[in-house]
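Numbering (the UniProt record's numbering), first residue to last: 1 to 551.
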């Protein structure tokens with residue numbers, strides 16, 4: 001899973017958690033408001049009960065005062081009644097004595113006693129009523145006290161709940177702030193990741209386009225260098241090394257990712273001995289993977305240096321070819337005589353038969369490679385393949401040879417000179433287009449060599465070795481070839497000009513790279529005395545060497 005996917009998942013999860021926290025916040029806020037309203041209502045009831053309790057206490061005090069006054073009044077009346085009863089007893093005693101005055105006074109006293117008894121009964125009734133009211137007031141006070149205690153308890157519970165809700169709200173506010181900050185950070189990271197992904201996509205498209213351009217250039221270079229086996233081998237080896245290098249890098253990256261994931265999983269687990277052993281093993285594997293990656297990078301750097309050296313040598317060869325082409329050519333030969341009738345096929349057959357006879361004469365010697373080169377060149381001419389041009393044309397010498405051999409070799413020399421002249425314009429145009437192209441992108445890649453430094457050989461070494469062996473074999477029959485080319489070189493030149501021009505038109509423009517590499521090898525193998533034409537013999541030598549090098 002990529003970082004953008006994880007960031008998207010985390011952002012979605014954070015948004016969901018933020019919504020859940022917001023809903024919980026709203027729910028707790030509503031509950032808190034309800035508890036707050038309930039608390040306010042209870043506080044109002046408490047205030048009302050407090051006022052009622054104050055009124056009840058005031059009424060109780062007034063009733064208590066009234067009770068005390070009534071009690072004092074009762075005691076006073078009882079004291080009066082006691083005095084009256086004492087007076088009544090005295091009156092009764094006097095009544096027993098029987099005086100009239102006492103009877104009248106006794107009647108008066110009886111009337112006063114009755115009045116006081118009535119007042120006493122009224123006072124007793126009032127006392128009972130006051131006692132009943134006092135009892136009810138006490139009961140009401142006790143009930144109100146109990147309600148007050150209950151209300152205080154419930155008020156404490158609601159206060160604790162409100163405090164708890166306040167704490168939860170604060171925590172939710174903190175969590176919501178943290179979630180919002182995390183969400184904003186994730187959003188910023190997501191925007192950065194999207195911008196980086198866009199830039200990465202742009203870079204990837206540019207890299208893909210560059211790779212396509214490099215593949216096209218590589219295909220063109222391969223088409224131009226498909227004749228050279230060594231360069232083809234180097235290109236194949238470069239492709240294989242690129243493929244293996246990318247594969248190894250991916251494997252190392254996958255291994256490193258797996259090891260990092262395992263390390264993270266182990267960190268989350270308990271710190272036990274098994275996890276420590278796993279961590280040590282994974283660290284060792286990670287070190288080994290890093291060492292392997294470093295070794296692979298070192299091999300890649302080494303291969304890159306080798307490929308750069310190879311391309312530098314190729315560029316030097318191309319420069320040598322360009323410098324050889326830019327060097328002053330010898331003066332042109334005299335105009336040819338009128339062309340004889342075309343005798344291409346019989347002359348070539350005669351030439352082949354003569355070479356076959358000469359081969360039969362020299363059966364004890366090694367097989368001459370010049371015959372194979374000539375036959376391959378003739379096959380290429382028949383198929384319309386364009387041959388490489390040579391700056392120095394053949395000149396006439398005074399040596400003689402057999403009549404049939406002189407005609408065949410002269411015809412061959414004329415064909416070669418015409419082909420070179422016809423190809424010169426096309427090669428210059430193709431070389432200019434190739435020289436104007438920049439160095440290909442894959443020339444800077446890091447690749448691995450095919451073998452060790454002792455066993456691996458460059459293209460120049462192989463071409464030098466081959467050309468040196470070929471020159472040794474060619475020196476044996478040099479005199480015969482010189483005579484054939486000198487006698488009939490100018491006679492058959494105009495006859496084959498039309499045929500060679502048609503062959504040049506049908507040839508592929510991509511062969512110019514192959515011809516340039518062949519010319520570089522020919523220039524490296526040609527001795528110093530043959531680089532500039534001093535006489536007719538040296539000019540003819542250069543012609544033969546370059547023709548065979550082209551094969």
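Beta carbons: idealized from backbone N, C-alpha and C, even for Gly.
Presumed contact (8 Å Cβ cut-off) between residue 37 and residue 77, rounded CB distance: The Cβ separation is near 58 Å, so there is no contact.
Roughly how many angstroms lie between the CA atoms of residue 242 and residue 307, to the nearest whole one? 12 Å
Across the region 178-186 and the region 63-73, are there enough close Cβ pairs to call them in contact, namely three or more that are closer than 8 Å? no
Where residue 79 and residue 137 are concerned, what is the direct C-alpha to C-alpha distance, given to the nearest angstrom? 30 Å
How do the region 211-218 and the region 242-255 stand: do at least 3 beta-carbon pairs fall below 8 Å, yes or no? no
Given residue 21 as reference, the closest of 304, 170 and 221 once Cα atoms are compared: 170
Straight-line gap, residue 234 to residue 316 (C-alpha atoms, nearest Å): 17 Å
Compute the Euclidean distance between the alpha carbons of residue 292 and residue 250, then round it to the nearest angstrom. 12 Å
How would you call residue 280, buried or exposed, if buried means at least 16 neighbouring beta carbons within 10 angstroms? exposed
Where residue 288 falls, given that 16 or more other Cβ within 10 Å makes a residue buried: exposed
Hey, how far is the Cα of residue 141 from the Cα of residue 131? 15 Å
Considering Cα atoms alone, identify which of 179, 121, 162 and 95 is closest to residue 11. 179
Straight-line CA distance for residue 5 to residue 193? 10 Å
With a threshold of 7 Å on Cβ separation, who are the neighbours of residue 211 within its own chain once the five nearest residues in sequence on each side are excluded? none
From this set, 53, 14, 147 and 372, which residue's C-alpha is nearest residue 176's C-alpha? 14
Applying the 10 Å Cβ sphere with the 16-neighbour rule, what's the burial state of residue 238? buried
When 33, 40 and 56 are compared against residue 135, the one with the closest alpha-carbon: 56
Count the other C-beta atoms from every protein chain shown that fall within 10 angstroms of the C-beta of residue 62, then say buried if there are 16 or more, exposed otherwise. exposed
For a test of your reading of the model: does the CB of residue 13 fall under 8 Å from any non-hydrogen atom of the ligand COA? Yes or no. This structure does not include the ligand COA; it has no bound ligands of any sort.
Let's test the definition: count the other Cβ atoms within 10 Å of the Cβ of residue 300 and tell me whether it reaches 16, buried, or not, exposed. buried
According to the Cβ coordinates, are residue 154 and residue 7 closer than 9 Å? no
Give the single residue among 65, 113, 67 and 319 whose Cα lies nearest to the Cα of residue 83. 113
Proximity of residue 258 and residue 158 at Cβ, strictly below 9 Å: no
Here's the rule: buried if 16 or more other CB atoms are within 10 angstroms of the residue's CB, otherwise exposed. What is residue 381? buried
Determine, using beta carbons only, whether residue 49 and residue 164 come nearer to each other than 9 Å. no
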